[in-house]
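Some notes on the structure that comes next.
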Amino acid sequence: MTSARDEILARIRASLADVPADDETDVPWAYGQPRRTDDLLDLFEERVRDYGATVQRVTGHLGATVVEALLAHGVTSVVLPAGLDPAVVDAIAQAGIVIRGDTPALSRATLDETDAVVTTCAVAGAVTGTIVLDHGPGQGRRALSLVPDVHVCLVAADQVVSDVPEMVARMVPATRAGRPITWISGGSATSDIELSRVEGVHGPRTLHVLLV
Amino acid sequence: MSKRPVRPSNAHDADRLTPAPPPGRFLDSPTFPKQSKVELGNAVQRRNLYDAMRTIRTKRVGVTSEADDWEDLRLAGEAIKNRTLRHLDRYLLQLEESLTAAGSTVHWARDAEEANAIIVGLVNAALATPQGDQASAREVVKVKSMATQEIDMNEALEEAGIAAWETDLAELIVQLGHDRPSHILVPAIHRNRSEVRQIFLDEMGRYGRPAPDDLDSEPVNLAAAARLHLREKFLRAKVAISGANFAVAETGTLVVVESEGNGRMCLTLADTLISVVGIEKVIPSVADLEVFLQLLPRSSTAERMNPYTSFWTGPTDGDGPQATHVVLIDNGRTKVLADPVGRDALRCIRCSACINICPVYEKVGGHAYGSVYPGPIGAVLTPQLRGVASAVDASVPYASTLCGACVDVCPVRIPLPDLLVHMRHKVVEAKAHGRPHADDVAMRVTGKVLGSPGVWAATTKAISGTGAVLKKGRVDHFGPLPWPLSLWTNARDVPAPPNESFRAWYARTHHKDGSPR
Amino acid sequence: MASTPAQRGAGPATTADVGARITVALFATCANDVMFPQAPMATTRLLERLGCRVVFPTKQTCCGQPLVNTGYYDQSVPIVRNFAETFGGYDYIVAPSGSCVGAIRHQHAMLADYAKDPGLRRDVDAVTSRTFDISEFLVDVLEVTDVGAYFPHVVTFHPTCHSLRVTHVGDKPNRLLAAVGGITVRELTDADRCCGFGGTFALKNPDISVAMASDKARHVADTGAEYLVAGDNLCLLNISGVLNRQKAGIKPIHLVEVLASTAADHE
């Protein structure tokens with residue numbers, strides 16, 4: 007008996023009998039190009055804000071700003087992935103916020119009882135106001151930036167690129183290396199009821215971006 | 251009058267794990283004209299659709315005109331999809347190799363039945379794996395997926411004693427409402443907020459955490475009720491089932507584009523992840539995603555970017571599901587591919603822009619199309635996937651005025667009106683083998699008249715003659731007339747024909763060489 | 091801004107030679123021939139006023155669209171062949187219908203290929219590239235937007251679907267209308283939404299068709315216009331069918347009839 011695989015491939019080959027073997031469709035597109043924008047950081051801030059998320063430029067001490075952000079959202083416990091700036095970790099510890107590490111991995115239930123997460127990111131894009139995580143150091147496994155209700159994300163100014171093509175180009179090596187990638191544009195949202203936008207469903211309802 | 255009562259009969263639910271959907275198969279649906287009459291009578295749905303479709307259309311124009319290279323992006327999207335489809339065997343083999351290298355297990359399914367058997371087997375095996383000393387619940391959590399709807403997977407799992415929980419808010423509303431989706435992006439768009447509130451109050455408690463007693467109909471509170479209801483299901487999930495928006499041949503990466511985070515919950519928290527992917531979802535390289543991650547959100551939810559997009563490339567140590575399966579399904583797609591004209595429809599990335607702009611869809615909603623795929627794309631895709639043998643599949647290609655609004659918004663430039671006409675021709679060809687129908691006779695007579703200049707000239711005289719008689723009787727307009735003229739005149743007047751045709755006027759006023767007399 | 095006849099009335103005299111020595115083969119279209127002869131009559135008068143010679147090849151019938159769009163390819167091939175034969179010898183073929191011109195340009199080649207007839211395909215390609223909607227012929231070939239028309243009425247314009255999205259006439263009709271003396275053009279809400287006609291759609295799905303036409307009629311009535319102008323008479327038939335039933339008192343008129351009107355018609 008022919009396997010499903012072989013039969014499907016045979017059907018495809020029969021269906022494409024009209025297509026010459028050396029036929030190649032040209033893709034009229036220059037990949038990975040930056041998009042012309044005015045000020046990248048201003049645009050990034052504006053676009054993140056468009057999603058109803060908070061975005062703030064850090065001018066003073068980073069640790070103190072992170073603590074202010076967490077306290078502003080009423081956070082009493084936070085999960086901190088390995089690889090985060092020790093100065094940030096110290097500042098949070100000194101503020102009396104309960105810190106949970108993820109080594110060994112927190113249970114789903116504990117993660118669900120944790121108010122917030124602080125992460126860095128891999129790249130960010132101005133036009134769409136997007137942050138991208140490749141879950142490297144300082145970003146943690148995927149569940150960390152998903153289950154707690156508040157996500158404070160540290161974005162370095164030099165991580166901000168113009169738009170999707172540059173973001174994808176920067177994520178090609180990590181993707182080829184088999185790493186999971188998460189693109190985040192604002193907090194979780196739905197428009198499923200009468201197309202009325204609600205910010206905050208299953209993912210973090212609060213996204214607070216600190217531009218360093 | 252609504253045909254879908256908010257509180258349906260739950261008579262069959264006692265021996266079921268999940269809410270029963272409406273009875274009957276899609277293939278046995280009434281024809282489009284018949285069902286659309288029913289849908290037109292649903293005033294709530296009509297108002298919801300009119301407002302919602304108008305809102306999303308306006309937003310789409312905003313975000314697509316913002317991208318100054320939008321037309322170039324559409325050309326690129328079209329070309330990447332054509333490049334892949336024209337050598338689909340090659341790219342699928344590459345995808346299989348990459349998926350396997352990344353640690354995923356690849357399964358192939360010729361049709362829905364085979365796909366469901368594979369999925370049931372995988373879920374049973376995953377749930378049989380001991381999880382500590384606690385017996386796993388016989389359930390899976392689902393990411394919104396058109397492919398799983400197309401194969402009616404939930405019912406196959408139900409029959410196997412496995413509850414499949416929809417976690418997208420709209421799909422949850424549809425599932426709890428014993429209903430069917432009416433749109434591929436916002437499946438509960440036919441429901442208004444007070445209907446949703448009633449469904450949640452009536453049904454949530456039967457299947458998990460009940461809705462709060464004081465639940466009002468504010469969307470933000472309805473969404474919060476869904477968050478709480480589903481969270482316990484996410485936190486205990488052993489198996490998740492997803493589709494994929496894109497499957498990258500180069501790396502074996504699957505991509506899910508979503509908004510609510512329910513997708514991330516499923517993709518991340520479960521131990522086993524099963525992804526059901528149509529064979530046309532493959533794209534060559536990671537870099538190609540830059541085109542589609544611009545085209546899709548702007549065309550679908552009309553946002554610059556959707557809240558969450560997840561890439562995964564097999565399992566990752568210490569992060570997310572440790573077993574990842576991919577079920578590649580044909581289910582009619584190779585039949586579509588075999589038609590050099592019709593295969594353009596396989597470029598579809600399920601954005602819903604054509605549905606949102608379709609003036610016919612806006613009036614009747616998705617239930618009239620007898621398929622999980624409504625609107626223009628449904629009207630060309632479903633009859634190709636399933637053939638035109640059923641009454642409903644032979645009727646949907648005619649569910650369009652051919653106004654062409656869809657072709658301008660399609661991000662991968664599918665020539666939808668041309669494909670609708672093409673499918674109409676397929677219907678006529680199929681009918682040629684059956685008994686002649688009144689329409690058929692009328693069209694064949696019309697063909698004879700217009701195909702022969704002499705017969706047509708005589709016909710113009712006959713029509714003007716009728717016009718002259720009517721003019722004598724001082725009839726210049728008709729109101730309601732008997733069938734079949736009533737099809738026009740039930741709500742529209744029609745003028746009487748004039749007593750002189752143009753050709754008669756021209757002959758009277760001009761010489762043969764074109765100079766005026 | 092509407093202009094006065096004094097400003098615009100000189101039009102016919104100054105534009106009389108724009109079409110000099112051009113012979114136009116008029117494709118009246120089947121529906122216009124028997125149901126709406128005013129439109130091809132106005133086309134004839136207007137083009138003659140602009141200095142063209144207008145001939146009417148009597149072997150013409152139809153563009154084939156009613157059959158093609160219902161899926162009857164075999165029955166439409168003879169119609170396509172007749173069109174190519176009838177109009178093959180002319181440099182300019184002009185029709186007062188964006189929809190019929192669209193069908194000719196967009197579907198005739200496909201049908202010639204369907205008939206597996208390379209000779210027909212060659213003939214079709216030659217004739218379709220010379221076929222114009224009246225608004226295109228005026229603006230692109232005669233290069234005129236002010237055709238010396240005078241129409242002292244409040245109107246609104248419905249751009250028909252096929253003229254916009256198949257024939258791609260763009261804003262040519264709007265520019266022609268704007269140059270008409272005495273006219274006031276009111277903007278139509280959701281102008282580019284379909285009126286619900288769709289050929290046999292209006293009969294196969296009459297309730298949806300009427301629901302769509304009713305939206306269009308409501309928007310038309312909201313403009314307060316005296317006339318609804320469009321470049322396709324069957325779309326006008328559909329919308330005015332509803333307007334007339336509602337006794338809205340808004341008259342349908344083909345674009346070319348407005349363009350053919352002169353101050354003399356209103357004295």
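Protein chains in written order, with this note's numbering: chain A, 7 to 218; chain B, 251 to 767; chain C, 91 to 357.
C-beta atoms are modelled at their ideal positions from N, C-alpha and C, and glycine is treated no differently.
When we look at the beta-carbon of residue i and count the other beta-carbons within 10 Å, is it buried (16 or more) or exposed?
i	result
Val532 (chain B)	buried
Gln150 (chain C)	buried
Lys206 (chain C)	exposed
His687 (chain B)	exposed
Glu706 (chain B)	The identity of residue 706 (chain B) in the sequence shown is Trp, whereas the question assumes Glu. Classification of Trp706 (chain B): buried, given that the 10 Å Cβ count is 16 or more.
Thr196 (chain A)	buried
Gly455 (chain B)	exposed
Val300 (chain C)	buried
Lys488 (chain B)	buried
Val610 (chain B)	buried
Alpha carbon to alpha carbon, how far is residue j from residue i? Give it in angstroms, no decimals.
i	j	result
Arg548 (chain B)	Lys287 (chain B)	32 angstroms
Cys190 (chain C)	Ile224 (chain C)	11 angstroms
Thr246 (chain C)	Cys325 (chain C)	14 angstroms
Val662 (chain B)	Cys598 (chain B)	7 angstroms
Ile343 (chain C)	Tyr648 (chain B)	29 angstroms
Pro703 (chain B)	Ala397 (chain B)	51 angstroms
Ser621 (chain B)	Pro40 (chain A)	41 angstroms
Gly331 (chain C)	Gly154 (chain C)	24 angstroms
Gly458 (chain B)	Gly274 (chain B)	27 angstroms
Ala281 (chain C)	Cys251 (chain C)	10 angstroms
Val390 (chain B)	Leu152 (chain A)	19 angstroms
Glu200 (chain A)	Val311 (chain B)	19 angstroms
Asp96 (chain A)	Pro624 (chain B)	56 angstroms
Ile401 (chain B)	Asp278 (chain B)	16 angstroms
Thr136 (chain A)	Thr109 (chain A)	28 angstroms
Val84 (chain A)	Asp466 (chain B)	32 angstroms
Helix, strand or coil for residue i per DSSP?
i	result
Ile224 (chain C)	helix
Leu217 (chain A)	strand
Glu347 (chain C)	helix
Gly528 (chain B)	strand
Pro342 (chain C)	strand
Asp164 (chain C)	helix
Cys285 (chain C)	coil
Cys190 (chain C)	helix
Thr235 (chain C)	coil
His208 (chain A)	coil
Pro263 (chain C)	helix
Pro186 (chain A)	coil
Thr651 (chain B)	coil
Val64 (chain A)	coil
Thr350 (chain B)	helix
What does residue i reach in chain C if we use C-beta pairs closer than 7 angstroms?
i	result
Pro624 (chain B)	Ordered by position in chain C, no residue passes the 7 angstroms Cβ test against Pro624 (chain B), which lies about 14 angstroms from the chain.
Ile724 (chain B)	Note that residue 724 (chain B) is Arg in the sequence shown, not Ile. Going along chain C, no residue has its Cβ under 7 angstroms from Arg724 (chain B), so there is no contact; the nearest lies around 17 angstroms.
Residue i versus chain B: which residues are under 8 angstroms apart at the beta carbon?
i	result
His208 (chain A)	Thr417, Arg477, Leu480, Arg481, Phe484, Glu510, Gly511, Asn512, Arg514, Met515
Glu138 (chain C)	Pro766
Cβ closer than 7 angstroms: which chain B residues qualify as neighbours of residue i?
i	result
Tyr240 (chain C)	By Cβ distance, chain B contributes nothing, its closest Cβ being about 21 angstroms from Tyr240 (chain C), past 7 angstroms.
I want to verify the contact list: residues of chain C whose CB lies under 8 angstroms from the CB of residue i, in sequence order.
i	result
Val744 (chain B)	Leu327, Gly331
Ser714 (chain B)	Val124
Leu669 (chain B)	Going along chain C, no residue has its Cβ under 8 angstroms from Leu669 (chain B), so there is no contact; the nearest lies around 12 angstroms.
*Counting pairs of beta carbons, one from the segment 319-335 of chain B and one from the segment 354-373 of chain B, are three or more of them closer than 8 angstroms?*
no
*Mind the definition here: the segment 167-187 of chain A touches the segment 83-95 of chain A only if three or more C-beta pairs lie below 8 angstroms; say whether that holds.*
no
*At least 3 beta-carbon pairs within less than 8 angstroms: the segment 442-451 of chain B vs the segment 414-431 of chain B*: Touching, yes, given that three or more Cβ pairs across the two stretches are closer than 8 angstroms.
*asked:* Can you confirm whether the segment 549-567 of chain B touches the segment 179-198 of chain A when touching is taken to mean that 3 or more C-beta pairs between the two stretches lie within less than 8 angstroms?
replied: Short answer: they touch.
*So, do the segment 230-244 of chain C and the segment 630-649 of chain B have three or more beta carbon pairs nearer to each other than 8 angstroms?*
No: the two stretches stay apart, fewer than three of their Cβ pairs being nearer than 8 angstroms.
_Tell me whether the segment 262-275 of chain C and the segment 284-303 of chain C touch, counting them as touching only if at least three CB pairs, one residue from each stretch, are closer than 8 angstroms._
no
*Flag this pair as touching only if the segment 514-530 of chain B and the segment 568-578 of chain B have three or more C-beta atom pairs under 8 angstroms; answer yes or no.*
yes
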